[in-house]
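A.B. asks:
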Ligand SMILES: C[S@@+](CC[C@H](N)C(=O)[O-])C[C@H]1O[C@@H](n2cnc3c(N)ncnc32)[C@H](O)[C@@H]1O
């Protein structure tokens with residue numbers, strides 16, 4: 001039997017390439033690649049529940065956030081057509097697909113081709129094949145073009161965007177998103193496009209970097225950090241190099257937790273920059289009035305203030321213009337119980353809007 005290509009679909013059962021138990025020091029696997037049971041849950045029943053009971057996310061998976069709240073807001077119904085603009089592990093998509101039969105269809109987008117193929121295969125094995133699910137590797141900024149290609153230019157009944165990165169991306173050191181393990185300083189969701197975070201650092205001027213840190217993660221020490229990081233840029237190629245450089249730049253700061261928060265903010269700022277996350281979110285938001293049918297529902301999950309501000313303003317403008325007939329009053333947050341069970345849900349904020357009947361005018365958005 002031919003083995004799947006590295007980026008290709010993983011056969012749903014039995015056909016998956018055998019993963020040899022890795023050698024690791026100590027009694028428990030610690031790094032992503034060592035967690036062989038979590039990476040093959042179909043062979044180790046119970047492992048998923050065991051890891052979740054610790055409030056952790058099993059390696060290679062993503063725990064969907066605010067699922068019931070999102071289903072209430074989107075209210076997917078049989079026969080409807082909708083979009084999941086950020087498919088990820090497919091946790092939200094699976095629950096949405098269960099509600100669309102008979103006759104409904106879901107278009108699922110993801111900029112990350114590696115995960116998209118795995119998720120498509122997993123959902124296919126659950127009975128959601130090509131007749132109900134169309135999965136496209138694309139940035140959601142191209143939503144309008146994809147809808148036109150599918151013959152859906154008259155709009156969809158609902159759209160979900162669960163922004164940011166998935167746990168599979170964060171946890172895999174090879175993707176370069178985490179400062180907890182060493183890996184190449186990459187951070188691109190689509191590794192075929194754009195420049196890595198290491199290249200960004202190598203090319204940025206001090207003013208660029210300072211603006212990136214301030215605008216993308218409200219970094220209070222943006223000037224000091226950009227100056228010191230650029231002085232050391234020849235030595236920063238990996239995630240741990242960058243984390244170390246930030247810690248050294250803040251030497252003398254007594255509050256160790258604040259130093260770690262600064263490391264986190266620097267990583268977030270660079271990730272947003274290399275993926276142009278604000279630019280593509282603005283493009284998605286600008287297309288919403290045209291992409292939704294009258295009465296169509298949109299739900300957007302954000303994870304930091306820069307994203308939430310954009311969604312709030314776009315929904316506010318849309319409400320004032322009559323493109324939306326209703327929007328959420330404030331944000332919906334995960335309950336304390338959800339935050340305990342899935343600590344990664346902590347920063348999530350959900351906003352929603354319902355498309356009104358006033359026709360959309362591109363000029364009005366600028
Ligand atoms: C938080 S995860 C989504 C998790 C998903 N809701 C689930 O239940 O598994 C975000 C996903 O969106 C993708 N993504 C982020 N920005 C994107 C963009 N501009 N266009 C398309 N996909 C994007 C990421 O690659 C990632 O897989």
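In this note's numbering, the protein residues as written are 1 to 366. For each residue, glycine too, the CB sits at the ideal point set by N, CA and C. Here the structure is a predicted model, which is why all the values come from computation and not from measurement.
1) Nearest-angstrom Cα distance between residue 182 and residue 250?
2) Starting from the C-beta of residue 179, find all residues in its chain whose C-beta is less than 8 Å away, skip the five residues before and the five after it, and write them out in chain order.
3) By alpha-carbon positions, which one of 95, 122 and 80 ends up nearest to residue 61?
4) Sort out for me which residues DSSP pairs residue 238 with in a bridge.
5) In angstroms, rounded to a whole number, what distance separates the CA positions of residue 261 and residue 150?
6) Within 10 angstroms of the Cβ of residue 221, are there 16 or more other Cβ atoms? Answer buried if so, exposed if not.
7) Between residue 259 and residue 225, what straight-line distance do the alpha-carbon atoms span, to the nearest angstrom?
8) If distances are taken between C-alpha atoms only, which option among 63, 78 and 101 comes closest to residue 87?
9) Taking Cβ positions, are residue 176 and residue 186 nearer each other than 7 Å?
10) Excluding the five sequence neighbours on either side, which residues of its own chain have a C-beta within less than 6 Å of the C-beta of residue 217, listed in chain order?
11) CB-CB under 6 Å to residue 6, same chain, minus the five flanking residues each way: which ones, in chain order?
12) For residue 79, which residues of its own chain have a beta-carbon under 8 Å away from its beta-carbon, when the five flanking residues on both sides are left out?
13) Let me check one thing: in DSSP terms, what residues is residue 134 bridge-paired to?
14) Count the other CB atoms, across all protein chains shown, that sit within 10 Å of the CB of residue 107; report buried if there are 16 or more and exposed otherwise.
15) Is any heavy atom in ligand 1 found nearer than 6 Å to the beta carbon of residue 274?
16) Please state if the CB of residue 354 and the CB of residue 317 are separated by a distance shorter than 7 Å.
17) Quick check on residue 155: buried or exposed, where buried means 16 or more other Cβ atoms within 10 Å of its Cβ?
18) Mind checking whether the beta-carbon of residue 139 lies closer than 6 Å to any heavy atom of ligand 1?
19) Helix, strand or coil: which one does DSSP assign to residue 333?
20) Helix, strand or coil for residue 191? Go by DSSP, reduced to three states.
21) Please go through the region 279 to 326 and give each complete alpha helix (DSSP H) segment of 4 or more residues, from N-terminal end onward.
22) I need the DSSP call for residue 126, collapsed to helix, strand or coil.
23) How many Å lie between residue 165 and residue 322 at the Cα?
24) Got a sec: does ligand 1 put a non-hydrogen atom nearer than 6 Å to the Cβ of residue 134?
25) According to DSSP, is residue 165 part of a helix, a strand, or is it coil?
26) Answer with buried or exposed for residue 17, where buried requires no fewer than 16 other C-beta atoms within 10 angstroms of its C-beta.
27) Checking 7 Å against the spacing of the C-beta atoms, do residue 414 and residue 200 come in under that value?
28) Check whether the Cβ atoms of residue 228 and residue 206 sit closer than 7 Å, and answer yes or no.
C.D. replies: A quick look at the data gives this:
1) Taking the chain shown and counting its residues from 1, one reaches residue 182 at position 182. Taking the chain shown and counting its residues from 1, one reaches residue 250 at position 250. Going by the C-alpha atoms only, they are around 20 Å apart.
2) On the chain shown, residue 179 is found 179 positions in, with the first residue counted as 1. Excluding residues within five positions, the ones whose Cβ falls inside 8 Å are 239, 240, 242, 243, 263, 264 and 267.
3) Reading the chain shown from its first residue, position 61 is the one you call residue 61. That would be 122, whose Cα lies nearest to the Cα of residue 61.
4) For the purposes of this step, residue 238 is identified with residue 238 of the chain shown, where counting begins at 1. DSSP, once it has assigned bridges, lists 184 as partnering residue 238.
5) Your numbering for residue 261 matches position 261 in the chain shown. Your numbering for residue 150 matches position 150 in the chain shown. When rounded, the distance between both Cα atoms is 44 Å.
6) Here residue 221 corresponds to residue number 221 of the chain shown, with the count starting at 1. Buried, since its Cβ has 16 or more Cβ neighbours within 10 Å.
7) The residue labelled residue 259 in the question sits at position 259 within the chain shown. The residue labelled residue 225 in the question sits at position 225 within the chain shown. Computed Cα separation, rounded: 11 Å.
8) Position 87 of the chain shown, counted from the first residue, corresponds to residue 87. Comparing Cα-Cα distances from residue 87 to each of 63, 78 and 101, the minimum goes to 63.
9) The residue given as residue 176 occupies position 176 in the chain shown. The residue given as residue 186 occupies position 186 in the chain shown. Yes, they are a contact pair.
10) Taking the first residue of the chain shown as 1, we reach residue 217 at position 217. Here the set comprises 265, 268 and 269.
11) Residue 6 sits at position 6 when you count from the first residue of the chain shown. Unreliable placement is indicated for residue 6, whose pLDDT of 30 sits below 50; no coordinate value is reported for it.
12) Taking the chain shown and counting its residues from 1, the one referred to as residue 79 is at position 79. Answer for residue 79: 100, 102, 103 and 104, listed in chain order.
13) Your numbering for residue 134 matches position 134 in the chain shown. Partner(s): 107.
14) As a working mapping, residue 107 is identified with position 107 in the chain shown. A buried status is given to residue 107, since no fewer than 16 other beta-carbon atoms sit within 10 Å of its beta-carbon.
15) As a first step, residue 274 is located in the chain shown; it is residue number 274 there, counting from the start. No.
16) In the chain shown, residue 317 corresponds to position 317, counting from 1. In the chain shown, residue 354 corresponds to position 354, counting from 1. No, these two residues do not count as a Cβ contact at 7 Å.
17) Within the chain shown, the letter at position 155 stands for residue 155. That one is buried.
18) Counting from one through the chain shown, the residue named residue 139 turns up at place 139. Residue 139 Cβ: within cutoff of ligand 1.
19) Along the chain shown, read from residue 1 onward, the residue named residue 333 stands at position 333. Three-state result, residue 333: coil.
20) On the chain shown, position 191 is the one that residue 191 refers to. Residue 191 falls in the coil class under three-state DSSP.
21) 305 to 321
22) Your numbering for residue 126 matches position 126 in the chain shown. Shown here, residue 126 sits in coil according to DSSP, grouped into three states, outside any helix or strand.
23) By one-based count along the chain shown, residue 165 stands at place 165. By one-based count along the chain shown, residue 322 stands at place 322. If I take the Cα positions, the gap works out to 32 Å.
24) On the chain shown, position 134 is the one that residue 134 refers to. Incorrect: residue 134 has no Cβ contact closer than 6 Å to ligand 1.
25) Within the chain shown, the letter at position 165 stands for residue 165. Residue 165: coil per DSSP, three-state reduction.
26) The residue labelled residue 17 in the question sits at position 17 within the chain shown. Note that residue 17 has pLDDT 46, beneath the 50 cutoff, so the model's placement of it is unreliable and the number below is only indicative. Residue 17 comes out exposed.
27) An answer regarding residue 414 cannot be provided, because it is not within the stretch 1 to 366 covered by the chain.
28) Taking the first residue of the chain shown as 1, we reach residue 228 at position 228. Taking the first residue of the chain shown as 1, we reach residue 206 at position 206. Annotated as distal: residue 228 and residue 206, with beta-carbon spacing of 7 Å or more.
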